[in-house]
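See structure below.
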Amino acid sequence: MLVEKGRGLSVRTQTVTRALILILILILILNLILILILILILILILILILNLILILILNLILILILILILILRLPYSALPNRKTPGLSTPSSTRSVVCVCV
Numbered sequence: 001m002l003v004e005k006g007r008g009l010s011v012r013t014q015t016v017t018r019a020l021i022l023i024l025i026l027i028l029i030l031n032l033i034l035i036l037i038l039i040l041i042l043i044l045i046l047i048l049i050l051n052l053i054l055i056l057i058l059n060l061i062l063i064l065i066l067i068l069i070l071i072l073r074l075p076y077s078a079l080p081n082r083k084t085p086g087l088s089t090p091s092s093t094r095s096v097v098c099v100c101v
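In my numbering, the protein residues as written are 1 to 101.
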């Protein structure tokens, strides 16, 4: 290889090193892009896991509320003499009988 005076490296060696530096810079940029994509995927997976946990907690709360409603409703339906509020039956209303003489 020929060495030019004053530079210390030949033109061919300089172009090879420039090409290698450009390739390394491109590889670093691609690595950064891949790392950002992986971070976004991990954040999305974390959000999905948190959503599943929230849905499970809400389902448990709804099941507990339904069980409480069933427990509170059972005495009304279990007792035969209990009347449901809002319904008026003839036996529950007072009737005034006028006897005209």
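Every residue gets a Cβ at the ideal spot worked out from N, C-alpha and C, and that includes glycine. Predicted model, so just to flag it, every value in this text is computed and none were measured.
Simplified DSSP assignment, three categories, for L28: helix
Rounded straight-line distance, which links the Cα of I39 to that of I47: 12 Å
Taking the alpha-carbon positions, what's the L70 to I45 distance? 37 Å
L9 (DSSP reduced to helix, strand or coil): coil
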